[in-house]
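Shown next, in structure tokens, is the structure this report addresses.
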Amino acid sequence: SIDKAEPKSIGIDILFDMPQDDDALLLESFDKMKTPTFIAYAAPKSNREIDFAQHEFLDQFLGNVENDTVKRTSILIETDSDDVARRWTVQPEGLPPFLAIALTRPNPEFAANDGAIRYLVPAQQDMPVFDKFPIESFADPATAEILQSFIKDKYVLIGGDFIDRDRFETPVGSISNLQDVDGKMIGLEVHAHMLAQLLDNDIPTPIPSWILWVAAVLVAVGGGISALAVGNPLKVAGILIAQFIFFLVFPFALHKLNVDTLTLPAFGWALGWLFGYASVGSAARTVNSQQRAFAQSALGKYLPKSIAGEILRNPEKLALHGEKRQIFAVFTDLEGFTKLSHAIEPEMVAKLLNDYLDRLSDVALEYGGTIDKFVGDALVCFWGAPLSLPDDGERAAKAAYALYEAGEEFRKNVPEGVPPIGRTRVGMHYGDAIVGNFGGEGRIQYTALGDAMNTAARLEAANKSLETKVLVSKEAMERTGLDWYRPMGKITLRGRSTPVEVFEPVPEWEEKDRKAVTAVIAAHENGDNGYVQALGAMMTQYGEDLGLSNLLKRLKETKNGESYALG
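Structure below.
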């Protein structure tokens, strides 16, 4: 549909670096492209996120699709030392043309340009700079025909929006509709700003280095002159204010004249001025005063880092409120850690706990989860807020099992002399929760409250009674898209009257065995006692399986699909 709309060219900011089921269809589609199309390419030397095997597959894939119409392009975006994307990436040796340059005509000036990226700002606060359409809209004939008119004779960029990948801090971080909730801009949109700048042939004029040195000397002289200005307080204040206004306005004036201000020293001139002021004996008093004023202005409320960017863009969100969301809630607990903490030195407790929570936090963040809080040795996290993504369920389920595995790895690496540590139990549920900022006027916390959280916590605790490792409710299981669960029956959680069907992930099991357990549960619901022999045979096959033994015990104590009540 996009190709039929006859855009000027298409840029794809996606690395095809591993095999997919639809690769054959993708190759066929690229072979039929009539629009000049440029596909992302990266090399391990310039992109640390791609390994050798991924690069080999990517290189082979692009070699299969390249023709007169389809070519590869570099998507490398280099950042400054503070990880902010401010300037153009100089064309690296050995890489194909940069995306913005490849999409248009060859431009030697931009190929060697390392000046500032011109970030556009919206004409209206509620309007985006660039039109954005979900890619699936072009697969629907009803919407594709409408959208084709929007991209005809336009440059089209295609890419993804991921929570933890290809996101950049930019100089426009305070403009809400240019950034995401984490205060960053996706790489695809950075490329769009660069493309717009190239199309306008807008290369700011660089400032010669000798001018910067002369300006630095003049600034220091200005500081010394200010120190000599004594007498009338209004006169002294006027001199200081005039210089301050000059230093404040001067960079913006240069920017207005299309001068590249990236090389203007952010702090160098201020330090030079202070040095000049100090040379005549008055800088110490002035600096102390400025530092005191700065410290006072910097005092504020403590905010979690995960939502700091959103709060900065929308100060009204400091108000205490929440919104109803459907989330995947995950709770963990380290078995026996409270008892262990009384048996070892406090310093060792702190060391072990920090190491353990570090490992679990890394897992939760790796799978895109929002860390809610730590409660002792327990980690509380959820998926579905502040951003909700289609694969939240899958990532949450994989994270839940990975959290258990991280706990097992932690147990194997405790220092010598530490008593045995219990396993990590995990509970996961899908349901409604109120998510937002809660607390008092002096301090707030971004957290989730409600049934989803309570049920996940009770499922985690139920692992102890059921002798399982990870328990997932049916509501969550059905939304993960994964086929690695065995049913563990129906239970009534403590403090709840409604039974919950629970499942345990067993990725090492074969499909036929998972289906066999499902058949056992069905037989129990129908009053067929043959399930006893079936489960007994499976227990022989898999050896000591405490969860399976516990399931058999519970089925014997109930009948006709009854729920087993946990005490």
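Per the working numbering, residue 624 is the first one in the sequence shown, and the count goes up by one each step. Ideal placement from N, C-alpha and C gives every residue a C-beta, glycine not left out.
Classification of residue i by the beta-carbon crowding that lies within 10 angstroms, buried from 16 upward
| i | result |
| --- | --- |
| L648 | exposed |
| E1083 | buried |
| S920 | Because S920 carries a pLDDT of 34, less than 50, the predicted location of this residue cannot be relied on, and no value is offered for it. |
| S912 | Unreliable positioning characterises S912 in this predicted model, as indicated by a pLDDT of 48, which lies under 50. The coordinate reading is nonetheless provided below. Answer is exposed; the Cβ neighbour count stays below 16. |
| N881 | exposed |
| G1170 | buried |
| I769 | exposed |
| G992 | buried |
| W711 | buried |
| H965 | exposed |
| G1030 | buried |
| L1116 | buried |
| T828 | exposed |
| N1060 | buried |
| K1092 | buried |
| M728 | Checking the sequence, you will find Arg at residue 728 rather than Met. Exposed, because fewer than 16 other Cβ atoms sit within 10 Å of the Cβ of R728. |
| I625 | buried |
| K858 | exposed |
| K996 | exposed |
| I1144 | buried |
| G845 | buried |
Residue span of the beta strand (DSSP E) that contains residue i, given as start and end
| i | result |
| --- | --- |
| F954 | 944-957 |
| Y1069 | 1067-1072 |
| N1060 | 1047-1062 |
| F785 | No beta strand (DSSP E) holds F785; DSSP gives it neither H nor E. |
| S1172 | S1172 -> not in any beta strand (DSSP E); alpha helix (DSSP H) instead, spanning 1169-1180. |
| A628 | Per DSSP, A628 belongs to no beta strand (DSSP E) and is neither H nor E. |
| L1094 | 1093-1096 |
| A663 | 660-664 |
| F1005 | 1001-1006 |
| F1126 | 1123-1128 |
Close beta carbons around residue i, own chain, < 6 Å, minus the five adjacent residues each side
| i | result |
| --- | --- |
| G1050 | F954, A1079, L1082, E1083, L1094 |
| V1129 | R1109 |
| D999 | The residue asked about is misnamed: residue 999 is Gly in this sequence, not Asp. Answer for G999: no residue qualifies. |
| R1137 | R1109 |
| L722 | G634, T696, I698, H814 |
| L718 | S697 |
| T1047 | T955, L957, Y1027, G1030 |
| L887 | P874 |
| P831 | none |
| F870 | none |
Neighbourhood of residue i by C-beta distance below 7 Å, restricted to the same chain and skipping five residues each side
| i | result |
| --- | --- |
| L1178 | G1112, H1147, Y1154 |
| S849 | I862, L863, Q866, Y900 |
| D1015 | F951, W1006, G1007 |
| L638 | A663, A665, I673, L681 |
| S1186 | K1113, I1114, T1115, P1122 |
| L877 | T884 |
Range covered by the alpha helix (DSSP H) that runs through residue i
| i | result |
| --- | --- |
| S697 | No alpha helix (DSSP H) contains S697, which is instead part of the beta strand (DSSP E) from 693-697. |
| T961 | 960-964 |
| T1141 | 1134-1148 |
| H1108 | Note on residue identity: the sequence assigns Tyr, not His, to residue 1108. Taken as a continuous stretch (DSSP letters only), Y1108 belongs to no alpha helix (DSSP H), being part of the beta strand (DSSP E) at 1108-1115. |
| G1040 | G1040 -> no alpha helix (DSSP H), and no H or E assigned at all. |
| K996 | No alpha helix (DSSP H) contains K996, which is instead part of the beta strand (DSSP E) from 993-998. |
| D985 | 969-989 |
| V813 | 810-822 |
| N687 | 675-688 |
Proximal residues to residue i (C-beta, below 8 Å), its chain only, five neighbours per side dropped
| i | result |
| --- | --- |
| K1176 | none |
| D703 | R709, R710 |
| D789 | D636, G782, G783, I809, G810, L811 |
| E1098 | H1052, Y1053, G1054 |
| N687 | L650 |
| E689 | R695 |
beta-carbon residue i near the ligand ADP non-hydrogen atom, thresh 7 Å
| i | result |
| --- | --- |
| L1174 | Among the components modelled here there is no ligand, and therefore nothing to report on the ligand ADP. |
Integer-rounded CB distance, given that residue j should sit under 8 Å from residue i
| i | j | result |
| --- | --- | --- |
| I774 | P659 | The pair is not a contact, with the Cβ atoms about 14 Å apart (cut-off 8 Å). |
| V1194 | G895 | Examination of residue 1194 is not possible in this model, given that the chain is present from 624 through 1190 alone. |
| H816 | I740 | 6 Å |
| I724 | G810 | In fact, because the Cβ distance is near 16 Å, the residues do not count as touching under 8 Å. |
| D737 | V713 | 5 Å |
| L685 | R671 | Not really, about 20 Å apart at Cβ, beyond 8 Å. |
| S669 | P715 | 6 Å |
| V1123 | S1096 | 5 Å |
| A1071 | A1056 | 4 Å |
| A1020 | L1105 | 6 Å |
| F675 | P667 | 6 Å |
Closer than 8 Å to chain C by CB, residue i
| i | result |
| --- | --- |
| E812 | No chain C is present in this structure, which holds just one protein chain. |
- Item | Every unbroken beta strand (DSSP E) within the segment 828-905, with a cutoff of 3 residues, ordered by chain | Listed in chain order, there is nothing to give.
- Task: Give, in chain order, every unbroken run of the alpha helix (DSSP H) that is at least 4 residues long and sits entirely within the segment 696-777.
- Result: 722-726, 731-734, 764-774
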